[in-house]
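K.L.:
In the working numbering, the protein residues as written are 1032 to 1134.
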């Protein structure tokens, strides 16, 4: 019986080590996504500002979207996607932290 308990203990320690490694990896991914989100937000803000010396003309109603508008939409979509991924990773991180042996 003692041998079984020791073996189970070793198995649980191994699983705990794997969970910690996965948690560290997820934390690293969350940090990377947070940094990328900040960079994308800054880039989006810069792209939404009219260039210096520009009259800031409004597009004519019904006119085809300009390349700049399309780029803004693409950047905003990418930002939303990254924010969603970031939120999912944070949720997963919370779940892992809530498991026995989590921090």
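The beta carbon of each residue, even a glycine, is placed where N, CA and C say it ideally should be.
(1) Within the same chain, show all residues whose beta-carbon is closer than 8 Å to that of residue 1127, passing over the 5 residues directly before and after it, in chain order.
(2) Check for me: the alpha helix (DSSP H) holding residue 1095 runs from which residue to which?
(3) Does the distance from the C-beta atom of residue 1074 to that of residue 1113 stay below 8 Å?
(4) Measuring CA to CA, which of 1120, 1048 and 1045 is closest to residue 1059?
P.N.:
On the basis of the coordinates in this document:
(1) Excluding five sequence positions before and after residue 1127, the CB atoms of its chain that fall closer than 8 Å to its own CB belong to 1050, 1053, 1054, 1057 and 1133, given in chain order.
(2) Unbroken run through residue 1095: none, as it is neither H nor E.
(3) Not in contact: residue 1074 and residue 1113 (Cβ atoms no closer than 8 Å).
(4) Of the listed residues, the one whose Cα sits closest to residue 1059 is 1120.
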